[in-house]
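Colleague:
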Amino acid sequence: MPLVEVTLSEGRDPAAIRALIHEVHAAVERSIGSPAQSIRVIVREVPRTHWAAGDQTLAERDAAEKGD
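Counting in the UniProt record's numbering, the sequence shown runs from 1 upward without gaps.
1) Would you call the CB atoms of residue 40 and residue 3 closer than 7 Å?
2) Are residue 36 and residue 48 closer than 7 Å when you measure CB to CB?
3) If you follow the alpha helix (DSSP H) that residue 30 is part of, which residue opens it and which one closes it?
4) Determine the DSSP secondary structure at residue 45, reduced to helix, strand or coil.
5) Return the residue from the list 46, 44, 45, 29 that minimises the CA-CA distance to residue 38.
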């Protein structure tokens, strides 16, 4: 039973998340031949204030890019 976990910063449209789930599922099914019903996909959305790179949260980077 393949399990694929995807972590993204939050803020994407639900339709985009659904499309991602579909494409990941299809890729697993196609590449390793798993039965469709056994494939699990989990998408986690992390608040931009809780995700950092280089000691700067994504929210802080967004604000800096906007000039706030």
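Note that CB positions come from ideal geometry on N, CA and C, so glycine has one too.
Modeller: Per the coordinate set shown:
1) yes
2) no
3) 14-32
4) strand
5) 29
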